Amino acid sequence: MSGSPAVVMRLVASAYSVAEKAGAIVRKVLHSGELGIVEKTGANDLQTLADRLAQQSICASLSRRFPKITIIGEEELPDEEVQEDLIENGQAEEILQKTCPAEYSGLTEEELVVWVDPLDGTKEYTEDPHTRLHSASRGLHLPTVAQISLKGSNTSQPHSKALWLLDNVTVLIGIAYGGKAIAGVINQPFYNYQLGAGAALGRTMWGMPGLGAFGFQLQEVPGDKRIVTTTRSHSNKLVTDCVDAMEPHEVIRVGGAGNKIIQLVEGKASAYVFASPGCKKWDTCAPEAILHAVGGKLTDIHGNAYRYDANVKHMNSAGVLAALRNHEYYVNRVPQSVLQALKSH
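Now the structure itself:
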């Protein structure tokens, strides 16, 4: 590619570095033990100091480099000067060297909308036993798997489900054009934390339809198994009825929309089924782009695509249905009662 990289590639490259910075902030706040938790609308809708600082870092860093893009973040924060140490100026070189898909090569800043969830899985972030440990001791002493005498971290097992909640936490930066999610970056701040004190924490993945997805090993659940991942903390009869209708061999209940899409692309789950409002555009934009980049599909419960224009309502009011393969199978099994209860947008 001749000349300088396309605007969208520069934006993705910046988002990658910014997501890594945000992940480091999330870890640092946990390490300090001072989470600064406030309830937004209730006990299931929390905000921490990590949410606030990570969003300030992401939005200020991106808007400084790309002043004409529209950025929509989950947290409503006061307009104030952002500390200079929260600003990230880096850009991932390996992304800048990729060839931009032709359909996006001429896009301008004004045409792009960025959807930001600075900490997806806040509830899990505050509830993980290690978080409570840090709050009490002001120190980050993650026990090793051996010390806990638990093999692996299979979230379908009740003990490990209670134990390894920090895995659910992600930083999400999605990029949209013309209402479609065209690129996404996901940082997992605590990836590898089960390995104990010596482990290198965190990873970042990104993807763009037409280019591919990077930072993870794409795997699929064997074709003869249906494993459904769904909400850990926002269940109700509609959610349960819809999951049951899929006739799953196994159901995994975990936190975070970003985390559930990671499960799909890493072969831990076949479908993400959430028949309820509650998920927002900043929860699904980045994960949808990565899922679509590897041939998967994310829609509402009716099978209709969500739009990510700057002026759309933030709530995904008709639920979420996502799969790496055979999306149509799951759409066709959604009960009529669920379809009637969750009107499509």
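FYI, in the working numbering the residues of the sequence shown are -3 to 341. Ideal placement from N, C-alpha and C gives every residue a C-beta, glycine not left out. Here the structure is a predicted model, which means the values were calculated and not measured.
| Item | Value |
| --- | --- |
| Bounding residues of the alpha helix (DSSP H) (the contiguous stretch that carries Gly19) | Val3 to Ser28 |
| Classification of Ser13 by the beta-carbon crowding that lies within 10 angstroms, buried from 16 upward | buried |
| Rounded separation between Met5 and Tyr100 - CA only | 9 Å |
| Start and end residues, beta strand (DSSP E) containing Leu338 | Leu338 -> no beta strand (DSSP E), and no H or E assigned at all. |
| Beta carbon of Asp47 nearer than 8 Å to that of Glu76 | no |
| Contact with chain B by Leu207, beta-carbon distance below 8 Å | Protein chain content of the structure displayed is limited to a single chain, and chain B is not contained in it. |
| Per DSSP, cross-strand counterpart(s) of Val110 | Ile67 and Ile171 |
| Straight-line Cα distance separating Leu92 from Gly346 | Any question about residue 346 goes unanswered here, given that the chain covers just -3 to 341. |
| Distance between Gly194 and Arg303 (C-alpha atoms, nearest Å) | 42 Å |
| Sufficient close CB pairs (3 or more, under 8 Å) joining the stretch 198 to 215 to the stretch 237 to 254 | no |
| Rounded Cβ spacing between Lys277 and His310 (contact assumed at less than 8 Å) | 5 Å |
| Residues sharing a beta bridge with Arg249, DSSP | Thr226 |
| DSSP state of Ile258 mapped onto helix, strand, coil | helix |
| Cutoff 7 Å; reference Gly135; Cβ partners in own chain excluding five residues on either side | Confidence at Gly135 is low in this model, with a pLDDT of 42, below 50, so the placement of that residue is unreliable and no value is reported for it. |
| Trp278 - DSSP class collapsed to helix/strand/coil | helix |
| First and last residue of the uninterrupted beta strand (DSSP E) at Thr295 | Lys293 to Thr295 |
| Val8 to Thr104 span [Cα, whole Å] | 13 Å |
| Supposed close pair Gln52, Leu82 - CB separation, criterion 8 Å | 6 Å |
| Contact set for Pro205: own chain, Cβ-Cβ below 7 Å, skip 5 residues either direction | Ile178, Ala285, His288 and Ala289 |
| Option in Gly252, Ser0, Ser10 and Ala15 with minimal Cα separation from Ile182 | Ala15 |
| Contact belief for Leu31 with Thr166 at Cβ below 8 Å, rounded distance in angstroms | So it is not a contact: roughly 17 Å between Cβ atoms. |
| Cβ-based burial, Pro63 [other Cβ within 10 Å; buried from 16] | exposed |
| Nearest neighbour of Ala172, chosen from Ser28, Val308 and Gly219 [CA to CA] | Val308 |
| 8 Å contact criterion, which Thr225 and Tyr268 should meet: CB distance rounded | 5 Å |
| 6 Å CB neighbourhood of Thr66 in its chain, flanking five on each side removed | Val109 and Ala306 |
| Alpha-carbon spacing of Val3 relative to Ile21, whole angstroms | 27 Å |
| Straight-line Cα distance separating Lys119 from Leu168 | 16 Å |
| Limits of the alpha helix (DSSP H) - the one that Lys221 falls within | Segment: none, Lys221 is in no alpha helix (DSSP H) and carries neither H nor E. |
| Buried or exposed (CB count within 10 angstroms, at least 16 for buried), Asp220 | exposed |
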